[in-house]
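Heads up, the thing below is written out as structure tokens.
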Amino acid sequence: MTLQEPAAGPTESPLSLERHGRVVTLTLNRPHRRNAMSTLMLSQLSEVLRKLTERGEETPGALVLTGAGGTFSSGADTREPDWRDLSRRAVRRTHFRTVFAALHEAPFPVVAAVEGYALGGGLELALACDLVVAGEGALFGLPELGVGAVPGGGAVHSLVRRAGRGVAARMLLIPGERVRADELARLGAVERVVPDGGALAEARALAAAVAEGDPALLEAGVRLLRDSGHLDRTAALGVENGYWWQAASAASLVDQIQ
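Numbered per the numbering used here, the sequence shown finishes at 246, counting up by one with no gaps.
Below, the structure written as structure tokens:
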């Protein structure tokens, strides 16, 4: 599946979709712009994710999110002619929030395969995934303050929670600061680091292994993971108890017990 850019721009598909068994790979495909997210790309990304998260026979067991051309995403496309126009920025913002809502509500695990740069909105997109696999040379950063914006997709919250306030402060406040994959792995924001060029293969293998699990249990697991991170222990135990009963009542789990 491919989705076309307008004729006025480069002849390419801003997104591509591949299915291998129960694993779907969604690729950001604007390599000439380091996969910078244009208004069109964000609009189509939100629509594709909405369709993927609808329950049905085509619902994947896991999703891999990656970028073409050796880089994940350099963030928002600040070269769009209307980049500074407030009304157009509001449109892009709406699409961006829809993308993050869809990732948060996805009933399956989402794995980011990161090579090259994951900057600004690209970093936010990667951190919105349940697991992050990165090439050893991948660089992460938050350059928003330098282009007249602030992060708005949850990256600062995710970094503080997963990697600590120090690295979040460096990325956000120090101009040009980039953090390598191995450092984020030590801090807990990246799950696996592989040789450059190997992130997609590793992410697909990981997604395929995860997707072999029972769909109802996988959904309970990812929702527990996403919902528990910002809760205190008492609230988290309540959430766990709710998902335990939800999973226990699923017919698929009953079949396994029998």
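Cβ atoms here follow ideal geometry from the backbone N, Cα and C, with glycine treated the same way.
V102 beta carbon less than 8 Å from that of A114
Within the sequence shown, the letter at position 126 stands for residue 114. Within the sequence shown, the letter at position 114 stands for residue 102. Yes, the Cβ-Cβ distance between A114 and V102 is below 8 Å.
L206 versus V155 - alpha carbon distance:
Walking along the sequence shown from the start, residue 206 turns up at place 218. Walking along the sequence shown from the start, residue 155 turns up at place 167. L206 and V155 have their C-alpha atoms roughly 31 Å apart.
Below 7 Å CB to CB, which residues in the same chain sit around L(-9) once its five sequence neighbours on both sides are set aside?
Stepping through the sequence shown from its first residue, residue -9 is reached at position 3. Confidence in L(-9) is poor, its pLDDT being 43 and thus under 50, which makes the residue's placement unreliable; the coordinate value appears in the next sentence. Around L(-9): S1, P2, L3, Q32.
Quick check: what's the CA-CA separation for G55 versus L5?
Position 67 of the sequence shown holds residue 55. Position 17 of the sequence shown holds residue 5. Between G55 and L5, the C-alpha separation is close to 11 Å.
Look at G129 and L107 and say whether their C-beta atoms are less than 8 Å apart.
To locate residue 129, count along the sequence shown from 1; it is residue 141. To locate residue 107, count along the sequence shown from 1; it is residue 119. Cβ distance < 8 Å, so G129 and L107 count as in contact.
Please list, in chain order, all residues of the same chain as V98 whose beta carbon is under 7 Å from its beta carbon, the five residues on each side excluded.
Working through the sequence shown from its first residue, we reach residue 98 at position 110. Cβ-Cβ distances below 7 Å link V98 to L51, L53, L91, C117, D118 in the same chain, with the five nearest sequence neighbours on each side left out; the list follows chain order.
Where T222 falls: helix, strand or coil (DSSP)
The count along the sequence shown starts at 1 and reaches residue 222 at position 234. T222 falls in the helix class under three-state DSSP.
Under three-state DSSP, which class holds S34?
By one-based count along the sequence shown, residue 34 stands at place 46. In the structure shown, S34 sits in a helix (DSSP, three-state: H, G or I).
Closer than 8 Å is the cut-off here; do at least three beta carbon pairs connect the segment 120 to 134 with the segment 166 to 173?
The segment 120 to 134 is in contact with the segment 166 to 173.
Using the C-alpha atoms, what's the distance from R211 back to G123?
As a working mapping, residue 123 is identified with position 135 in the sequence shown. As a working mapping, residue 211 is identified with position 223 in the sequence shown. A straight line joining the alpha-carbon of G123 with that of R211 spans about 27 Å.
Residues sharing a beta bridge with F84, DSSP
For the purposes of this step, residue 84 is taken as the residue at position 96 of the sequence shown. DSSP output for F84 lists no bridge partner at all.
Answer with buried or exposed for A(-4), where buried requires no fewer than 16 other C-beta atoms within 10 angstroms of its C-beta.
The residue given as residue -4 occupies position 8 in the sequence shown. Confidence at A(-4) is low in this model, with a pLDDT of 38, below 50, so its placement is unreliable and the value that follows should be read with caution. Exposed: under 16 other Cβ atoms inside 10 Å.
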